[in-house]
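Visitor: Structure provided below as structure tokens; questions to follow.
2 protein chains.
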Amino acid sequence: MNESRAAAKGPKVDDSRPEGAVMSLHQRIRAEIQAQILSGEWPPGRRVPFEHELTQRYKCSRMTVSKALTELANAGLLARRRKAGTFVTRPHSQAAVLEIRDVKAEATALGLAHRFEIARRRKRKSGRADLRRLDMKAGEPVLDVTCRHYAGSQPFCLEERTINLLAVPEAQAEPFAELSPGAWLTRQVPWTVAEHKIRAAGADRATAAALKIPEGSPCLVIERRTWRAEKSVTYVKLTYPAEAHELVARFAPSERLTRESANVD
Amino acid sequence: MNESRAAAKGPKVDDSRPEGAVMSLHQRIRAEIQAQILSGEWPPGRRVPFEHELTQRYKCSRMTVSKALTELANAGLLARRRKAGTFVTRPHSQAAVLEIRDVKAEATALGLAHRFEIARRRKRKSGRADLRRLDMKAGEPVLDVTCRHYAGSQPFCLEERTINLLAVPEAQAEPFAELSPGAWLTRQVPWTVAEHKIRAAGADRATAAALKIPEGSPCLVIERRTWRAEKSVTYVKLTYPAEAHELVARFAPSERLTRESANVD
DNA sequence: TAGTGGTCTAGACCACACT
DNA sequence: GTGTGGTCTAGACCACTAG
Chain A
22 MNESRAAAKG
32 PKVDDSRPEG
42 AVMSLHQRIR
52 AEIQAQILSG
62 EWPPGRRVPF
72 EHELTQRYKC
82 SRMTVSKALT
92 ELANAGLLAR
102 RRKAGTFVTR
112 PHSQAAVLEI
122 RDVKAEATAL
132 GLAHRFEIAR
142 RRKRKSGRAD
152 LRRLDMKAGE
162 PVLDVTCRHY
172 AGSQPFCLEE
182 RTINLLAVPE
192 AQAEPFAELS
202 PGAWLTRQVP
212 WTVAEHKIRA
222 AGADRATAAA
232 LKIPEGSPCL
242 VIERRTWRAE
252 KSVTYVKLTY
262 PAEAHELVAR
272 FAPSERLTRE
282 SANVD
Chain B
22 MNESRAAAKG
32 PKVDDSRPEG
42 AVMSLHQRIR
52 AEIQAQILSG
62 EWPPGRRVPF
72 EHELTQRYKC
82 SRMTVSKALT
92 ELANAGLLAR
102 RRKAGTFVTR
112 PHSQAAVLEI
122 RDVKAEATAL
132 GLAHRFEIAR
142 RRKRKSGRAD
152 LRRLDMKAGE
162 PVLDVTCRHY
172 AGSQPFCLEE
182 RTINLLAVPE
192 AQAEPFAELS
202 PGAWLTRQVP
212 WTVAEHKIRA
222 AGADRATAAA
232 LKIPEGSPCL
242 VIERRTWRAE
252 KSVTYVKLTY
262 PAEAHELVAR
272 FAPSERLTRE
282 SANVD
């Protein structure tokens, strides 16, 4: 059933990749097994062939099939148990990859010009509320920055941010003239770990005034806490009027897709 | 460099590894390089040591360091270029892993009893609107199901679903008595690919009535389109009153996190 | 052209879990 | 015990590309 290497596209790999090119053998093995699982021909719980069987089928070494199976196991489609074998897993929940972009990138993606203005900026000592949002002790220096983003002529997003000045002391002197606080921080402190909370909420009075919308009108609220190397960096609340914004997330059982573009119509 | 992390509440980089315990060599290499990047000691653009240098440093074969570097490249932290070397990437956007759970799991996670009722159920032929939501031709059979979920005594979520009966003909006879449509479909059609859109919206009249909330009050709306092997399976719109629900997404530069739990606290 | 990463081999030893 | 996956080696050839 399997002529060796380069030939045979295999069962329609729905890779959504321009996969006309040659595929390495471990990629092909992975794609074929993945296709069996996604199409339902190999249901959850089914044992997939042993490594030594796959080495015979594909006429390759064990390292090669092992690489393919390990990748699928890391992606969550397979579970591997010594002595028992390798099995198709039973999906428990949908894990989707959510691309959270810069506010400026979001606005320009809509074809609208982006600008922002710093509405408020204040250095202070951390208090009660910061203990939850940032992992700080009381009395440590933080910087509050409120920034209003426009897409075209309309307010697009309200960014309310607190920066841990112990983690990012350079922020104290930064005017945020060229770059918005979010973009500046991304440049200043790349590769952070973050937690996002996404919810809907009615605009309170201050938010409604800032975004020029009626009080109580629905908004999408994203709260983000960011750490770098165990140290909390910043907390931010982004508030978008309901019409202004939409998040798109995709699920596919492959880490490869993690970094793909996520554009939708 | 690789010391165990202190217990803290943030998500942090959860490698889900007993760190003091034995770690395989490629895992250790990966963890150490990742730590250099996350701590900022190796900034974006910096070249990491060549494979042959790492083999000397760790006194191992090239395959072992290659495995570690390849994993980090798949995770998006490194970019590898032949002849040039391997470099720390510049993060462009925050990619977060969003765990989309069953409505029942969400309700019980809040400590509330879950029940649901089928409010409406109708078989019909696909029309205009379905062409966007499901990849169907006009006139093909679909099943509309509206389901109201309760958490405790309060309406928790309104599930408005359209099922492609060509993809899932069994749905036609299914009463959805034991399992809600979403849970039933997950069991019936595991391992699908999905796209989610998340937004805030004011409740329209019908939604407001179904959820027993005032018209226009803010709601979190999740729209999901699901495919299996190129074939569209179902479209669903989930509407949650703003107070009822919150999504949590986490980012960390490791595919390992894809399957971690994401608790709503 | 030379040096990098990408892939692959044909072994090997080990830990573990099933019987 | 015994067979599975987990890891690692010490080579090898190739493709690509920066200089």
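Protein sequence lines, in the order shown, are assigned to chains A and B.
Numbering-wise, the first sequence is residues 22 to 286 according to the numbering used here.
Numbering-wise, the second sequence is residues 22 to 286 according to the numbering used here.
Note that the Cβ used here is the ideal one computed from N, Cα and C, for glycine as well.
Under 8 Å, Cβ to Cβ, is there at least one residue of chain A near B:Asn284?
Guide: Unreliable placement is indicated for B:Asn284, whose pLDDT of 23 sits below 50; no coordinate value is reported for it.
Visitor: Have a look at B:Thr183 and A:Cys240 and give me their C-alpha separation to the nearest angstrom.
Guide: Taking the straight line joining both Cα atoms gives about 27 Å.
Visitor: Sort A:Ser45, A:His217 and A:Glu53 by Cα distance to B:Ala250 and report the nearest one.
Guide: Closest by alpha carbon: A:Glu53.
Visitor: Could you pull out every unbroken beta strand (DSSP E) segment of at least 3 residues lying fully inside the region 97-146 of chain B, listed in chain order?
Guide: Segments of the beta strand (DSSP E) lying fully in the region 97-146 of chain B: 99-102, 106-109, 115-121 and 135-146.
Visitor: Using a Cβ-Cβ distance cut-off of 8 Å, determine whether A:Pro176 contacts chain B.
Guide: Cβ-Cβ to chain B under 8 Å: no for A:Pro176.
Visitor: Nearest CA to the CA of B:Asn185: which residue from B:Phe71, B:Thr167 and B:Pro162?
Guide: Per the Cα distances, B:Pro162.
Visitor: Indicate the three-state DSSP secondary structure (helix, strand or coil) for A:Trp212 in the structure shown.
Guide: DSSP places A:Trp212 in coil when its eight states are reduced to three.
Visitor: Quick check on this structure: which residue in A:Ala224, A:Val269 and A:Glu216 has the alpha carbon closest to the alpha carbon of A:Thr255?
Guide: Here the closest residue by C-alpha is A:Glu216.
Visitor: Would a C-beta distance cut-off of 8 Å place A:Ile50 and A:Leu75 closer than the cut-off?
Guide: It is a contact, given that the beta carbons lie within the stated cut-off.
Visitor: Just the Cα atoms here: how many angstroms apart are A:Gly237 and A:Glu138?
Guide: Going by the C-alpha atoms only, they are around 24 Å apart.
Visitor: Out of curiosity, what's the CA-to-CA distance linking B:Glu195 and A:Arg220?
Guide: Each residue's alpha carbon lies about 33 Å from the other.
Visitor: Tell me which residue opens and which closes the beta strand (DSSP E) that B:Val257 is part of.
Guide: Residues Lys252 to Pro262.
Visitor: May I have a chain-ordered list of the beta strand (DSSP E) segments no shorter than 3 residues that lie completely inside the region 148-177 of chain A?
Guide: Whole beta strand (DSSP E) segments, 3+ residues: 162-172.
Visitor: For B:Pro70, does the three-state DSSP call read helix, strand or coil?
Guide: If DSSP states are grouped into helix, strand and coil, B:Pro70 belongs with coil.
Visitor: So what's A:Trp248 in DSSP terms, helix, strand or just coil?
Guide: DSSP places A:Trp248 in strand when its eight states are reduced to three.
Visitor: Buried or exposed, going by whether 16 or more other CB atoms sit within 10 Å of the CB of B:Arg122?
Guide: B:Arg122 should be labelled buried.
Visitor: Can you give me the C-alpha to C-alpha distance between A:Ala270 and B:Arg78, rounded to a whole angstrom?
Guide: Taking the straight line joining both Cα atoms gives about 40 Å.
Visitor: For B:Pro196, would you say it is in contact with chain A, using Cβ-to-Cβ distances shorter than 8 Å as the test?
Guide: It does not: the Cβ of B:Pro196 has no partner Cβ on chain A nearer than 8 Å.
Visitor: Name, please, each residue of chain A whose Cβ falls closer than 8 Å to the Cβ of B:Thr207.
Guide: Per Cβ cutoff of 8 Å: Pro112.
Visitor: Assign B:Ala265 to one of three DSSP states: helix, strand, or coil.
Guide: Of the three classes helix, strand and coil, the one that applies to B:Ala265 here is coil, per DSSP.
Visitor: Please report the Cβ distance between A:Pro202 and A:Val166, rounded to the nearest whole angstrom; I am assuming they are in contact, meaning their Cβ atoms lie under 8 Å.
Guide: Confirmed, about 5 Å.
Visitor: Could you give the DSSP three-state label for A:Leu186: helix, strand or coil?
Guide: Coil at A:Leu186, not helix or strand.
Visitor: Does any CB atom of chain A fall closer than 8 Å to the CB of B:Arg249?
Guide: B:Arg249 counts as touching chain A.
Visitor: Can you list the residues of chain A that B:Ala215 reaches, using a CB-CB cut of under 9 Å?
Guide: What B:Ala215 touches in chain A: Gln115, Ala117, Ala270, Arg271, Phe272 and Ala273.
Visitor: Does the Cβ of A:Met84 have 16 or more other Cβ atoms within 10 Å, making it buried, or fewer, making it exposed?
Guide: Flag for A:Met84 reads exposed.
Visitor: Measure how close the beta-carbons of B:Cys81 and B:Val124 come, nearest whole angstrom, since I'm counting them as under 8 Å.
Guide: Wrong, their Cβ atoms sit about 48 Å apart, outside the cutoff.
Visitor: Taking C-beta pairs closer than 7 Å, name the residues in chain B that A:Leu241 reaches, listed in chain order.
Guide: Residues of chain B passing the Cβ test: Arg220 and Ala221.
Visitor: Round the Cβ separation of B:Arg67 and B:Val109 to the nearest angstrom and send it over; I've been treating them as touching at under 8 Å.
Guide: Rounded, the Cβ-Cβ distance is 5 Å, consistent with contact.
Visitor: Examine chain B for any beta-carbon lying closer than 8 Å to the beta-carbon of A:Asp123, and answer yes or no.
Guide: Yes, its Cβ sits closer than 8 Å to a Cβ of chain B.
Visitor: Around the Cβ of B:Ala3, are there at least 16 other Cβ atoms within 10 angstroms (buried) or fewer (exposed)?
Guide: What is shown of chain B runs 22 to 286, which leaves residue 3 of chain B out entirely.
Visitor: How big is the Cα-Cα spacing for A:Leu119 and A:Lys258?
Guide: The straight-line gap from Cα to Cα measures roughly 17 Å.
Visitor: Could you give the DSSP three-state label for A:Pro64: helix, strand or coil?
Guide: A:Pro64: coil per DSSP, three-state reduction.
Visitor: Could you name the residues of the same chain whose beta carbon sits closer than 8 Å to that of B:Arg102, not counting the 5 residues immediately before and after it, in chain order?
Guide: Counting only Cβ-Cβ distances below 8 Å, and skipping sequence neighbours, we find Phe108.
Visitor: Quick one: is A:Ile184 near chain B, going by C-beta distance under 8 Å?
Guide: It does not: the Cβ of A:Ile184 has no partner Cβ on chain B nearer than 8 Å.
Visitor: Looking at the C-beta of A:Ala172, does it have a partner C-beta in chain B at a distance below 8 Å?
Guide: A:Ala172 does not count as touching chain B.
Visitor: Using only the alpha-carbon positions, how far apart do B:Cys168 and B:Phe197 sit?
Guide: Cα-Cα distance, rounded: 10 Å.
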